[in-house]
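Peer 1: Before I ask anything, let me first share the structure, which is written out below as structure tokens.
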Amino acid sequence: MLIVEDEYIIANDLELILHVAGYPVLGVADSVAEALTLIAQQRPDMVLLDIYLKGKETGIDLAKQLEDKGIPFIYISANDNKSVLEQVKATQPSGYIVKPFREKDILTTLEISRYRHAHSVEMRLREEKALQIGLTDALSASESWEHKLLNAARLLQPNVPFDFLTIQYQKNGVNQSYNFYQVGFDEYKTLTLNDLQPMTGYAADQLLAMQSGMRFREPVRYNEEAFDGFCQAHRYGQVLAKSFRLQSGLVMPLRMSGNNSFVILFLSRKADVYRASHLTLLERLEQPIVLMLERVLAFEEVARLSEQLQREKNYLQEEVKTSANFEEIIGRSQSLLRVFEQVNQVAYTDTTVLILGESGTGKELIARAIHNLSPRKSKILVKINCAALPATLIESELFGHEKGAFTGAFEKRIGKFELAQEGTIFLDEIGELPLELQAKLLRVLQEKEIERIGGKTPIKTDVRIIAATNRNLEKEVAEGRFRMDLYFRLATFPITLPALRERAGDIPLLANFFARKSARKMGKSFRGINPQVLDELVNYPWPGNIRELENVMEQAVILNDGQTPLELGRPLVSNLFLFSRPTLSPENDSRDSSQSTNSPPKDLNDIKQIQQQTERDYILAVLKRTNGRIRGSNGAAELLNLKPTTLEYRMDKLGIRKTLSVDPNHSQTDPD
Numbered sequence: 001m002l003i004v005e006d007e008y009i010i011a012n013d014l015e016l017i018l019h020v021a022g023y024p025v026l027g028v029a030d031s032v033a034e035a036l037t038l039i040a041q042q043r044p045d046m047v048l049l050d051i052y053l054k055g056k057e058t059g060i061d062l063a064k065q066l067e068d069k070g071i072p073f074i075y076i077s078a079n080d081n082k083s084v085l086e087q088v089k090a091t092q093p094s095g096y097i098v099k100p101f102r103e104k105d106i107l108t109t110l111e112i113s114r115y116r117h118a119h120s121v122e123m124r125l126r127e128e129k130a131l132q133i134g135l136t137d138a139l140s141a142s143e144s145w146e147h148k149l150l151n152a153a154r155l156l157q158p159n160v161p162f163d164f165l166t167i168q169y170q171k172n173g174v175n176q177s178y179n180f181y182q183v184g185f186d187e188y189k190t191l192t193l194n195d196l197q198p199m200t201g202y203a204a205d206q207l208l209a210m211q212s213g214m215r216f217r218e219p220v221r222y223n224e225e226a227f228d229g230f231c232q233a234h235r236y237g238q239v240l241a242k243s244f245r246l247q248s249g250l251v252m253p254l255r256m257s258g259n260n261s262f263v264i265l266f267l268s269r270k271a272d273v274y275r276a277s278h279l280t281l282l283e284r285l286e287q288p289i290v291l292m293l294e295r296v297l298a299f300e301e302v303a304r305l306s307e308q309l310q311r312e313k314n315y316l317q318e319e320v321k322t323s324a325n326f327e328e329i330i331g332r333s334q335s336l337l338r339v340f341e342q343v344n345q346v347a348y349t350d351t352t353v354l355i356l357g358e359s360g361t362g363k364e365l366i367a368r369a370i371h372n373l374s375p376r377k378s379k380i381l382v383k384i385n386c387a388a389l390p391a392t393l394i395e396s397e398l399f400g401h402e403k404g405a406f407t408g409a410f411e412k413r414i415g416k417f418e419l420a421q422e423g424t425i426f427l428d429e430i431g432e433l434p435l436e437l438q439a440k441l442l443r444v445l446q447e448k449e450i451e452r453i454g455g456k457t458p459i460k461t462d463v464r465i466i467a468a469t470n471r472n473l474e475k476e477v478a479e480g481r482f483r484m485d486l487y488f489r490l491a492t493f494p495i496t497l498p499a500l501r502e503r504a505g506d507i508p509l510l511a512n513f514f515a516r517k518s519a520r521k522m523g524k525s526f527r528g529i530n531p532q533v534l535d536e537l538v539n540y541p542w543p544g545n546i547r548e549l550e551n552v553m554e555q556a557v558i559l560n561d562g563q564t565p566l567e568l569g570r571p572l573v574s575n576l577f578l579f580s581r582p583t584l585s586p587e588n589d590s591r592d593s594s595q596s597t598n599s600p601p602k603d604l605n606d607i608k609q610i611q612q613q614t615e616r617d618y619i620l621a622v623l624k625r626t627n628g629r630i631r632g633s634n635g636a637a638e639l640l641n642l643k644p645t646t647l648e649y650r651m652d653k654l655g656i657r658k659t660l661s662v663d664p665n666h667s668q669t670d671p672d
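The opening residue of the sequence shown carries number 1 in UniProt numbering; numbering runs sequentially from there.
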């Protein structure tokens, strides 16, 4: 027992009463300083404390320190001043004895205080255990982090009071901020950094930078003057204090493994609200809370990876269903070798690549080659065709959306950028992207973060971007259809693919490759390609490039019997790029093909004429190959898979008549 009393007679009487009752007395002190010296030498079980002592400090000042140290105390005073009694009550003493006192008053109060103290310790342990269980349940609930932390804040309020609670949560280098402002009894308003912007006058990114700059190694409490120092050292705390009239604070960092961290900042409008007991409670709760958080984060990471793998699986299954235009890069031309060299130069970097070239030149294949040669090859390559989606769906497809973000958003959707995390995203037909989305894509390139539709916080991304287009983007920029800043961001490393007509030497290699591929798929034998056909392939301009060549060879394999070299199944004329002349009469059929018009069809009659002319040219080509023979083995009817009578009817309808011509080597019926 320790007696703190500045009147010698009263202190002596107290010491005598206690000795007789069997209470050992550690000493008598007449000032706060002397009392603290004695307490430092030996911790008392109870302190009998007068209010007014020698020196400037009072018994109330000592009571605050005793409360922090967890030492129970009883006031002994004749003071009945209302303001003093309010201060006495705030220190939560174990008892109060009014001078003058009787021996019975002292002993009875001591017994009651000892019982209350022992009972309060037991109750505190039970409450602390209940709080720990409640926090565990709140943090492990299957809710969003916002709701989890709000429920945890409600549980902490009776034990560590606050008017404003802010939690900084950092996971894998990404900062999240949660703020809870008490607006009534058990009523809280959740404030995002965007919500704080009009209240503080600072933008959300500025507030996040201020908050991220706060570093704490251990729990600290800031009351009165100490809080002023806290505000000077931490800009974020100063801004909150000014905006919400806060005067004290308590910081609790949770020491977690890896790159994860939680910092809890309790703030109050009262200047002297936080005690050492609050810190002690939080320190005792730290280990079980950290264990629970790490377990929750581990489960979340497992769930995230499982979801990511499932999304990748679904995506790749869809990719497998869509047959690729070609499977390998075939060719030895100098223009293609230059492309190979560029691919090798850029693949090992994270540089954004823009692939340019006509439709059908193999832009997707080059994108896959860049990805497969890059350090990201073990991750997914996600492809999205910007021209294949309506403008209203592209943003959701790229960046995803939250549940309820718009009509029809019944569940949260992960966008392609999140799907491609740590991998590569291939934006095909980038020139078709609407202007409003071009600005958002530019932000992704600059800030390395996205935001789901309806989302509140940005999501950091680690994605390598490869874009492709068959448009002239410089012309698109000049005409205001494509942003100049986005063009220069994308064109960090441009690769231009040559058209097939510019690499004619590769055509025989590609033709043989596609023919073998189609024959293998159809279970047919491949006997090579007729040399005349190869010459025809090499001399054709190929407006549809490699894709058109593959289609031509597939059709040739379909028509081939597997016993002879391949012949073309149709004439190499593309009415999509070069419209044939109108139907010619027998008299002017011999005109030079240079007279054909390049103008598109104006009406259905023009389209019908083009269709008839294409069919006429096709039949003429087959008749020429059979030397005009319609019937019999290898005749035109057999090659066209038509009955001879049907073919003759079509020839008559298309104005194809047979005339007898004399060839120096042999006579034959030559169609005209």
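For glycine and all other residues, C-beta sits at the position ideal for the given N, C-alpha and C. All of these numbers come straight from a predicted model, not from anything done at the bench.
Taking buried to mean at least 16 other C-beta atoms within 10 Å of its own C-beta, is LYS379 buried or exposed?
Peer 2: Counted from its first residue, the sequence shown places residue 379 at position 379. With 16 or more other Cβ atoms within 10 Å, it is buried.
Peer 1: Could you compute how far the alpha carbon of ARG591 sits from the alpha carbon of GLU364?
Peer 2: Position 591 of the sequence shown, counted from the first residue, corresponds to residue 591. Position 364 of the sequence shown, counted from the first residue, corresponds to residue 364. Low confidence applies here, because ARG591 scores a pLDDT of 36, under 50, leaving its location unreliable and the question unanswered by this model.
Peer 1: Here's a check: name, in chain order, each residue in its chain whose Cβ is nearer than 6 Å to the Cβ of LEU433, leaving out the five neighbours to either side.
Peer 2: Numbered from its first residue, the sequence shown carries residue 433 at position 433. So the qualifying residues of the chain are CYS386.
Peer 1: Out of ILE425, ILE414, GLY415 and ARG255, which has the shortest C-alpha to C-alpha gap to GLN287?
Peer 2: By one-based count along the sequence shown, residue 287 stands at place 287. Taking only the C-alpha atoms, the option nearest GLN287 is ARG255.
Peer 1: Between THR91 and GLU122, is the Cβ-Cβ spacing less than 7 Å?
Peer 2: Counted from its first residue, the sequence shown places residue 91 at position 91. Counted from its first residue, the sequence shown places residue 122 at position 122. Contact flag unset, no.
Peer 1: Could you check whether GLU422 and ASP462 sit closer than 7 Å to each other, using their CB atoms as the reference points?
Peer 2: Reading the sequence shown from its first residue, position 462 is the one you call residue 462. Reading the sequence shown from its first residue, position 422 is the one you call residue 422. Against a cut-off of 7 Å, the Cβ pair of GLU422 and ASP462 comes out as a contact.
Peer 1: Three-state secondary structure (DSSP) at LEU427?
Peer 2: Residue mapping note: residue 427 aligns to position 427 of the sequence shown, counting from 1. In this structure, LEU427 counts as strand in the three-state DSSP scheme.
Peer 1: Excluding sequence positions up to five away, which residues of its chain have a Cβ less than 7 Å from the Cβ of residue 680?
Peer 2: Summary: the structure shown does not reach residue 680, with the chain confined to residues 1 through 672, and so no result is reported for it.
Peer 1: Pick out whichever of GLU449, GLU429 and GLU474 has its Cα sitting closest to the Cα of ALA468.
Peer 2: Position 468 of the sequence shown holds residue 468. The shortest Cα separation from ALA468 among GLU449, GLU429 and GLU474 belongs to GLU429.
Peer 1: Name the residue from ILE71, LYS64 and THR58 whose alpha carbon lies nearest to the alpha carbon of SER77.
Peer 2: Position 77 of the sequence shown holds residue 77. When only C-alpha atoms are compared, the closest one is THR58.
Peer 1: Can you have a look at ILE97 and say buried or exposed, based on whether 16 or more other CB atoms are within 10 angstroms of its CB?
Peer 2: Start at 1 with the first residue of the sequence shown, and residue 97 comes out as number 97. Its Cβ being crowded by 16 or more others within 10 Å, ILE97 is buried.
Peer 1: Alpha carbon to alpha carbon, how far is VAL382 from ALA511? Give it in angstroms, no decimals.
Peer 2: In the sequence shown, counting from the first residue as 1, residue 511 sits at position 511. In the sequence shown, counting from the first residue as 1, residue 382 sits at position 382. If I take the Cα positions, the gap works out to 29 Å.
Peer 1: Which of the three DSSP states is assigned to ILE112 in this structure?
Peer 2: As a first step, residue 112 must be located in the sequence shown, where it is residue number 112. In this structure, ILE112 counts as helix in the three-state DSSP scheme.
Peer 1: Could you compute how far the alpha carbon of LEU14 sits from the alpha carbon of ARG102?
Peer 2: Position 14 of the sequence shown holds residue 14. Position 102 of the sequence shown holds residue 102. Their Cα atoms are separated by approximately 10 Å.
Peer 1: Give the secondary structure of ASN194 by DSSP, where H, G and I count as helix, E and B as strand, and everything else as coil.
Peer 2: Here residue 194 is taken as the residue at index 194 of the sequence shown, counted from 1. It is helical.
Peer 1: Throw me the rounded Cβ distance for the residue 675 and ASP61 pair, which I believe falls under 8 Å.
Peer 2: Nothing can be reported for residue 675: it is not among the residues displayed for the chain, which extend from 1 to 672.
Peer 1: Distance, Cα to Cα, ILE450 vs LEU139?
Peer 2: Taking the first residue of the sequence shown as position 1, residue 450 is located at position 450. Taking the first residue of the sequence shown as position 1, residue 139 is located at position 139. The alpha-carbon atoms of ILE450 and LEU139 are separated by roughly 27 Å.
Peer 1: Return the chain-ordered list of same chain residues with a C-beta closer than 6 Å to the C-beta of TYR169, the five sequence neighbours on each side being excluded.
Peer 2: For the purposes of this step, residue 169 is taken as residue 169 along the sequence shown, with counting starting at 1. Counting only Cβ-Cβ distances below 6 Å, and skipping sequence neighbours, we find GLN176 and PHE262.
Peer 1: Taking Cβ positions only, does GLU143 come closer than 7 Å to chain C?
Peer 2: Note that chain C does not occur in the displayed structure, where there is just one protein chain.
Peer 1: Are the segment 156-164 and the segment 179-187 in contact at 8 Å, needing three or more beta carbon pairs?
Peer 2: yes
Peer 1: For ILE106 versus ASN79, is the C-beta spacing smaller than 7 Å?
Peer 2: As a working note, residue 106 is residue 106 in the sequence shown. As a working note, residue 79 is residue 79 in the sequence shown. The answer is no: Cβ separation not under 7 Å.
Peer 1: Going by DSSP, what residues sit across from PRO253 in a beta bridge?
Peer 2: Counting from one through the sequence shown, the residue named residue 253 turns up at place 253. For PRO253, which the question treats as bridged, DSSP gives the partners VAL263.
Peer 1: Measuring from the CB of GLY400, is there a heavy atom of the ligand NAD at a distance below 6 Å?
Peer 2: Within the structure as shown, the ligand NAD is missing, as the structure has no ligands at all.
Peer 1: Identify every residue that forms a DSSP beta bridge with ILE167.
Peer 2: Within the sequence shown, residue 167 is the residue found at index 167, counting from 1. Answer is TYR178 and ILE264, bridged to ILE167.
Peer 1: Ignore the nearest five residues each way along the sequence and tell me which others in PRO571's own chain have a CB closer than 6 Å to its CB.
Peer 2: On the sequence shown, position 571 is the one that residue 571 refers to. For PRO571, same chain residues with a beta-carbon under 6 Å away, outside a window of 5 residues either side, are ASP617, TYR618 and ALA621 in chain order.
Peer 1: Taking Cβ positions, are ALA347 and SER374 nearer each other than 7 Å?
Peer 2: For this step, residue 347 is matched to residue 347 along the sequence shown. For this step, residue 374 is matched to residue 374 along the sequence shown. Their beta carbons are under 7 Å apart, which means ALA347 touches SER374 by this criterion.
Peer 1: Please report the straight-line C-alpha distance between ALA367 and LEU356, rounded to a whole angstrom.
Peer 2: Locating residue 367 in the sequence shown gives position 367, where the first residue counts as 1. Locating residue 356 in the sequence shown gives position 356, where the first residue counts as 1. Taking the straight line joining both Cα atoms gives about 11 Å.
Peer 1: For ASN385, which of helix, strand or coil comes out of DSSP?
Peer 2: Mapped onto the sequence shown, residue 385 falls at position 385. Here ASN385 sits in strand by DSSP.
Peer 1: Suppose you measure from the CA of ARG464 to the CA of GLN446; what does that come to, to the nearest Å?
Peer 2: Residue mapping note: residue 464 aligns to position 464 of the sequence shown, counting from 1. Residue mapping note: residue 446 aligns to position 446 of the sequence shown, counting from 1. Cα to Cα, ARG464 sits roughly 13 Å from GLN446.
Peer 1: Would you say the segment 519-532 touches the segment 555-567, given that touching needs at least three Cβ pairs under 8 Å?
Peer 2: yes
Peer 1: Hey, quick one: how far does the alpha helix (DSSP H) through residue 673 stretch, first residue to last?
Peer 2: Nothing in the structure corresponds to residue 673, since the chain is present only between 1 and 672.
Peer 1: Apart from the five residues just before and just after LYS412, which ones in its own chain have a Cβ nearer than 6 Å to its Cβ?
Peer 2: Locating residue 412 in the sequence shown gives position 412, counting from the first residue. Non-local beta-carbon contacts of LYS412 in its own chain, meaning distances under 6 Å to residues more than five positions away in sequence, involve GLU402 and LYS403 in chain order.
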